[in-house]
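Here the structure comes first, spelled out in structure tokens, and everything after it is commentary.
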Amino acid sequence: MTLKAGEAVTIDMLYGVTLKRDTTIALIEKYRNHISADRVFELAWSHSQVALRQLNIRTEDTSLFNQLASAVLFSSAEMRGESDALMQNRLGQESLWRHAISGDLPILLVRIENINQLDLVTTLIQAHQYWRQKGLTVDLLILNSDQGGYQQNLFNQLTTLIPAGDERQQADKPGGIFIRKAESFSADDLQLLLSVAAVVLEGRNGSLADQLSTLLKPVRTPPAFAFPSVSKTPPPAAVTFSPERLQFFNGTGGFNEDGSEYHIILSGQQQTPAPWCNVLANSQSGTVISESGQGYSWYENAHEYRLTPWHNDPVSDSSGEALYLRDEETGDVWSPTPLPVRGKGDYLTRHGFGYSTFEHTEYGISSTLTVFVAEEAPVRLSLLTLSNLSGKTRNLSITGYVEWVLGELASRSARHVVTSPAAIATGSAVLARNFYNSTGSARTAFFAVTGTRIAHSGNRLECLGRNGTTRQPAMMNVRGLSGNTGAGMDPCAALQTLTTLIDGDSRSFVFALGVGEDESAVTALMQQFLSTGEAQNELSKVKQHWHQLLTKVQIQTPAAEVDLLANGWLLYQTLASRLLARSGYYQSGGAFGFRDQLQDTLALTHAAPQRLRDQLLLCASRQFIEGDVQHWWHPPAGRGVRTRCSDDYLWLPYALCRYVQATDDIALLSQPVSYLEGRLLAEDEESVYELPGVSKINEPLWQHCVRAVNHALTFGQHGLPLMGSGDWNDGMSTVGIAGKGESVWLGFFLYTVLDRFAALAVRFGDTDTARHCQEHAQTLKTALNHAAWDGEWYLRGFFDSGQTLGSHADSECRIDAIAQSWSVLSGAGEDARCRSAMAALYQHLVDKDNRLIKLLTPPFDGAGPNPGYIRGYLPGVRENGGQYTHGALWAIMAFAAMGETERAWSLLSMINPVNHSGNQQDMAIYKAEPYVMAADVYAAEGHSGRGGWTWYTGSSGWTYQLIGESLLGITRRGNALSVRPQLPADWSEIKIVYREGEGIYNIRVTRGDSTYQLWLDGKRCDGDEIALESHRQEHQVEVRLGSASG
1 MTLKAGEAVT IDMLYGVTLK RDTTIALIEK YRNHISADRV FELAWSHSQV
51 ALRQLNIRTE DTSLFNQLAS AVLFSSAEMR GESDALMQNR LGQESLWRHA
101 ISGDLPILLV RIENINQLDL VTTLIQAHQY WRQKGLTVDL LILNSDQGGY
151 QQNLFNQLTT LIPAGDERQQ ADKPGGIFIR KAESFSADDL QLLLSVAAVV
201 LEGRNGSLAD QLSTLLKPVR TPPAFAFPSV SKTPPPAAVT FSPERLQFFN
251 GTGGFNEDGS EYHIILSGQQ QTPAPWCNVL ANSQSGTVIS ESGQGYSWYE
301 NAHEYRLTPW HNDPVSDSSG EALYLRDEET GDVWSPTPLP VRGKGDYLTR
351 HGFGYSTFEH TEYGISSTLT VFVAEEAPVR LSLLTLSNLS GKTRNLSITG
401 YVEWVLGELA SRSARHVVTS PAAIATGSAV LARNFYNSTG SARTAFFAVT
451 GTRIAHSGNR LECLGRNGTT RQPAMMNVRG LSGNTGAGMD PCAALQTLTT
501 LIDGDSRSFV FALGVGEDES AVTALMQQFL STGEAQNELS KVKQHWHQLL
551 TKVQIQTPAA EVDLLANGWL LYQTLASRLL ARSGYYQSGG AFGFRDQLQD
601 TLALTHAAPQ RLRDQLLLCA SRQFIEGDVQ HWWHPPAGRG VRTRCSDDYL
651 WLPYALCRYV QATDDIALLS QPVSYLEGRL LAEDEESVYE LPGVSKINEP
701 LWQHCVRAVN HALTFGQHGL PLMGSGDWND GMSTVGIAGK GESVWLGFFL
751 YTVLDRFAAL AVRFGDTDTA RHCQEHAQTL KTALNHAAWD GEWYLRGFFD
801 SGQTLGSHAD SECRIDAIAQ SWSVLSGAGE DARCRSAMAA LYQHLVDKDN
851 RLIKLLTPPF DGAGPNPGYI RGYLPGVREN GGQYTHGALW AIMAFAAMGE
901 TERAWSLLSM INPVNHSGNQ QDMAIYKAEP YVMAADVYAA EGHSGRGGWT
951 WYTGSSGWTY QLIGESLLGI TRRGNALSVR PQLPADWSEI KIVYREGEGI
1001 YNIRVTRGDS TYQLWLDGKR CDGDEIALES HRQEHQVEVR LGSASG
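Note that UniProt numbering gives residue 319 to position 319 of the sequence shown, counting from 1, and the numbers run on in steps of one.
Okay, structure coming up:
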């Protein structure tokens, strides 16, 4: 737009949403007309005036109410209770419940001492009405503090002030008005109330206008420090990083020589297409960190107790954690990571197993920052080494910054966080506690740094400035930090240490972020880790820990892109993200999923079978006495959701069969485990979220599995199992919600469980269960091949109405991948039909152009019956017609099981994330990390080939099983190992290194001329298994495939 001098233009900006595109376009056209737009403003003003008159509120009062609302929504120390009360409170939220106050909503507390102060109450009731009309829900608590003999009289008068209608009906309900007598509160309870109230007003301090004018004063910010104008010596030449030795370098990143690190080189203002992350975790705590150094941290549960905020913002990659370096002579500021304050020149990010390292050189100061989580302790360590390469002495400040959450969301918990300073001989810290959300426990978080000259602050407003961000923090414009900590602030922890480096000198600093259950535990952790030497030792332990876990099985094939995933990254993704963190960049879950983590641990039969054993027992303990289970639950308390999902509980016997087959640990079947007790779902309930009780009934794990199997034996009119509120595909949540819809996939999966469980029952000596399972399996097999066959492929199921799902006659979801795949994997499908079904899958669901395998097609888009929340995804996204990678992997497994070796390997290559990001063009389309699996890949128009959420997906474990077992045939049975691979025709040889204890088995697989042969240390073995021994010895194994193999 060009404006000539003296001209004026009015621009109307229209925001809105409708259910249909045509309606949206019609509204846009309507409001292109300025008259229509002006009319909207006129009507809005008229409506607001009418609404105010109905509430008997003057226009000028609304300004006061809006000011007060800002203090309710955004913590204002001036409007909170007395500082001593905030600091001294030790009670948690549940202590409010005895006063019939939930504590879930912001509390506006007003203390009234006599009838002369009732005008203030009247004003606040009007404010409360006004807020309710605008959608702001607040508990207005009026505390009758009359110390004379007229409490009841004052109480009665307060009651009459509440107007009839909605306000009176909302009295003593969440979001309503509460009148309480001060004498009913103990001193501790009153202290709690004063500490949690968002705003505290005193009747004796005058009107609302008087109190706001006194309390809400502009925050004074210190003037920026005028750094002297120093004539800068030309800095050394910028340091660049070479990709020369990187594997599969795509213009931004590549694998190092042994594949144990992924290197990302960012030059100038270059960015990755989306955050490329690492997940660092142990069993107690963890951190997700991007290539730009941005992330979040947690303790115990990544959803319930975050230490720092989870922003879930892949566009700006923002964070509540930051490090800054500043030249104290020139005032130049930069970060040792690409964000939040980007310096000049290259940054190198190296994501490894258990750590991420960032390298950069700015103005002759070289920095190396390594971030990792301790092997066992709940501490995240950041080891920063600075080296002076500038040719002169440099004075620098190093500032670390974190924003406290200490709960789920800062918006709910930050106002309750209290900070204080602490120091030990080797460093200083800012401590943080949240008694309110920690049920009054003394749990204490800390952020600490090594050194002696350390300044600190616990006030986020002071550190960032009003409306400031970590990318332009106010504290970088001033020298030092104020030392302010306490309660009632917007809480953070900032630590700043100074150092002088002569030319050629190097110095290291350790920042530690962690949690102790009390202050003494914090002191112990600080003393343990707050030194450079101890941090370096811990880093070595972390690297060794992951090396031992991930090198149990190593492969060498002609497909280097497969080796890179199988030799570390797939298992690391499974262990670090799925099992330890239960979190990722795009989902900060924290919970255990019953089926989810059981599937994950199936990949650990070689590397960590004990984890599979532990998961079996844990999941059995989350089973209700009726046989169903919690779909997911939050540790440590166990609050979770009970659903009508129809497959969860079946993964328990499925995983048990797999575990016993791999380990021969038959004794586990007799391990006693308790059940849960909880109310059954009502007929109209799909799910319920609650904390169930623990039953006094303990039964062997075997009996838990028997209950699970029996609970699944409910069938519909076609003889197929009922789908309930979804099977493996949760999104099909309404297909069978009325109790009549059936699932074909679940039929194949149930058959698999019945078949394997029957075999295990025979071994365990439970002949009745074996016979029971065999009979149902045979009946089910007949039904699947009769009622579920659609002519060329298998149906996906039947709706409650009896209408088909997954039929050639359907307008949506004509074919679904997992029903076809499991017809093969289960062994229940007839051979000819299985081949027809898989041919149809390949024809309709494999998209070679975009290199993905769709879960179903066409997507759901409103043309047929509502299948559930799956339709909430755009067509072609996630389960709704995109590649849901679980399903893609099962398809490839099925092709391998059918002996279609070339096709199986070709499809694996097609969906391999390394190949999705082989060059800059492909990387720009795929966007996601090339070194881990994505849960989904979009097939939506305009976004085809784009990777969805990564890291926190069970597809990593299934990919590991596909490569290691389905394709390379590495199978363990107790102490026996067999290798029966299917190899592409142009592969002449592969190598495998298998470690058992201290024993090493070097396995070489070649093609033979006749039958399969197995040689161990020069001697031919009978059969196809070798007996594994754990003592220190290196063995040579030769596998010669028969002419028909592979």
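By construction, the Cβ of each residue, glycine as well, lies at the ideal position given by its N, Cα and C atoms.
- Per DSSP, N66 lies in no beta strand (DSSP E); the unbroken alpha helix (DSSP H) holding it starts and ends at 59-73.
- Taking C-beta atoms under 8 Å as the contact rule, A783 and E538 fail to qualify, at a distance of about 57 Å.
- For T123, the closest C-alpha among the options R98, N66, D104 is that of N66.
- Within the same chain, and ignoring the five residues on either side of S420 in sequence, the residues whose Cβ sits closer than 7 Å to its Cβ are L431, T485.
- Rounded to the nearest whole angstrom, the C-alpha separation of G731 and S801 is 18 Å.
- Relative to the Cα of T605, the nearest Cα in the group L549, Y347, A226, L140 belongs to L549.
- Burial is judged here by how many other beta carbons sit within 10 angstroms of a residue's own beta carbon; A832 has fewer than 16 and is exposed.
- Boundaries of the alpha helix (DSSP H) around D119: 118-134.
- Nearest to L193 by C-alpha distance, out of E686, A940, G81, R796, is G81.
- Positions of the beta strand (DSSP E) runs, each at least 3 residues long and wholly inside the segment 374-447, are given as 379-388, 394-403, 418-424, 427-433 in order along the chain.
- A Cβ-Cβ separation of about 18 Å leaves A448 out of contact with L386 under the 8 Å criterion.
- C492 has E403 as its beta-bridge partners, per DSSP.
- Relative to the Cα of H886, the nearest Cα in the group D861, N919, N912 belongs to N912.
- Going by C-alpha positions, V200 is about 51 Å away from I264.
- The DSSP-derived three-state label of W987 is coil.
- Contact annotation, Q587 with G957: C-beta distance approximately 16 Å; criterion of less than 8 Å not satisfied.
- Under DSSP, P672 forms a beta bridge with P700.
- When the Cα atoms are used, V315 and A274 turn out to be separated by approximately 7 Å.
- In the structure shown, E202 adopts extended strand secondary structure according to DSSP, grouped into three states.
- Taken through DSSP and simplified to helix, strand or coil, A322 comes out as strand.
- The Cβ-Cβ distance between E941 and G876 falls below 8 Å.
- When the Cα atoms are used, I107 and W97 turn out to be separated by approximately 14 Å.
- CA-to-CA, the gap between A655 and F249 works out to about 38 Å.
- DSSP places T767 in the uninterrupted alpha helix (DSSP H) bounded by 767-787.
- Pairing S823 with R814 gives a Cβ-Cβ distance that is not under 8 Å.
- W793 sits close to Q820, with the two beta carbons spaced by under 8 Å.
- A contact between stretches requires three or more CB pairs, one per stretch, nearer than 8 Å, and the segment 88-95 fails this requirement with the segment 208-220.
- In the structure shown, the three-state DSSP call for Q556 is strand.
- Here G251 has N919, Q920, M923 as same chain residues with Cβ atoms under 8 Å from its own Cβ, once five neighbours each way along the sequence are excluded.
- In terms of Cα proximity to R995, the closest of R1007, W1015, S988, S1030 is S1030.
- When the alpha-carbon of G354 is set against those of G568, L841, R595, the nearest one is in G568.
- For a cut-off of 8 Å, the C-beta gap from I115 to Q157 is around 6 Å, short enough to register as a contact.
- Within the DSSP bridge table, the entry for K1019 names L1016 as partners.
- CA-to-CA, the gap between P930 and A487 works out to about 45 Å.
- Distance from the CA atom of R443 to the CA atom of V522, rounded to whole angstroms, is 9 Å.
- In the three-state reduction of the DSSP assignment, C277 falls in the strand class, which pools E and B.
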